[in-house]
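Trainee:
In our numbering, the protein residues as written are 5 to 265.
(1) How is residue 228 classed by DSSP in three states: helix, strand or coil?
(2) Determine the direct distance from the alpha carbon of residue 253 to that of residue 278, and round the result to whole angstroms.
(3) Taking all protein chains shown into account, do 16 or more other C-beta atoms lie within 10 angstroms of the C-beta of residue 134, making it buried, or fewer, making it exposed?
(4) In chain order, which continuous runs of the beta strand (DSSP E) of length 3 or greater are located wholly inside the region 195 to 256?
(5) From residue 243 to residue 43, what does the alpha carbon distance come to, in whole angstroms?
(6) Can you tell me whether DSSP reads residue 108 as helix, strand or coil?
(7) Helix, strand or coil for residue 17 per DSSP?
(8) Suppose you measure from the CA of residue 18 to the CA of residue 35; what does that come to, to the nearest Å?
(9) Between the Cα of residue 178 and those of 13, 207, 20, spot the shortest distance and give me the residue it belongs to.
(10) Here's the rule: buried if 16 or more other CB atoms are within 10 angstroms of the residue's CB, otherwise exposed. What is residue 63?
(11) Rounded to whole angstroms, what's the CA-CA distance from residue 270 to residue 86? Just pull it up for me.
(12) State the CB to CB distance for the pair residue 115 and residue 153, rounded to an integer number of angstroms; the pair is presumed to be in contact (CB under 8 angstroms).
(13) Can you check whether the CB of residue 28 is closer than 9 angstroms to the CB of residue 159?
(14) Which whole-angstrom value describes the C-beta separation of residue 166 and residue 143, a residue pair presumed to lie in contact below a C-beta threshold of 8 angstroms?
(15) Going straight from the alpha carbon of residue 164 to that of residue 181, what length do you get?
(16) For a minimum of 4 consecutive residues, which ranges assigned as the alpha helix (DSSP H) are wholly contained in the region 26 to 112?
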């Protein structure tokens, strides 16, 4: 079986158990190609764990994952990334002692499978440098290629990570709590970058900042205790009693979503 015509990601009865603990509990979900989709839920809901299974870092106990019409359930994380399914992490994965250009250049090379020579030699490859600079321009860091990543602000590091993801030429990006620790200005800048991404890149984001969720997402899925309890438009999720109870233990939606309205 393959996915529907509009779905790029099709998750079917996906379960991940650690002994007696079920972290992801028979989740079935579809994400349309080109969508801006958010995954939310209270702490411990299983959101990042589900991302780990989708990206291939964790192996599902049961169920299937179809990506771009292909069953990728048994594929490794690297194989899924080569197929265009790429994940970012809550914590920075940059080489902090290297420059912005160096980090993005390495990502360009991984995506093009170029020979692994010492980096100074690679940097002289004009095609790699040009591609890296193009990605830096897309995230607003064209003026800072020589800056060490360790000297950047938290928000700027996230911008570099987005450039590195774009260098992989993804079909889908899984953003795992991308705005955690950001200032208001940095969060706004990140949202602008996501909004500027081409529609050929599908975006799924795990995010606790509901203002960002309702700014970016056209569809929202909600996890609680590993189960998918709601899936719908932002407006449907705002008024869903099960979502309110999962977050607050009450069906009053004003306290949770009033600021995001």
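C-beta: ideal position from N, C-alpha, C; glycine also. Computed from a predicted model, the values in this text were never measured in an experiment.
Mentor: On the basis of the data shown:
(1) strand
(2) This structure leaves residue 278 out entirely; the chain is present only between 5 and 265.
(3) The C-beta of residue 134 has fewer than 16 other C-beta atoms within 10 Å across all chains shown, which makes the residue exposed.
(4) 206 to 210, 223 to 228, 231 to 236, all fully within the region 195 to 256.
(5) 16 angstroms
(6) helix
(7) In this structure, residue 17 counts as strand in the three-state DSSP scheme.
(8) Each residue's alpha carbon lies about 14 angstroms from the other.
(9) 207
(10) Around the beta-carbon of residue 63, fewer than 16 other beta-carbon atoms lie within 10 Å, marking it exposed.
(11) What the structure shows of the chain is the stretch from 5 to 265, and residue 270 is not part of that stretch, so it cannot be assessed.
(12) Not confirmed; about 19 angstroms, so no contact.
(13) no
(14) 5 angstroms
(15) Answer to the nearest angstrom: the Cα atoms are 16 angstroms apart.
(16) 51 to 59, 81 to 86
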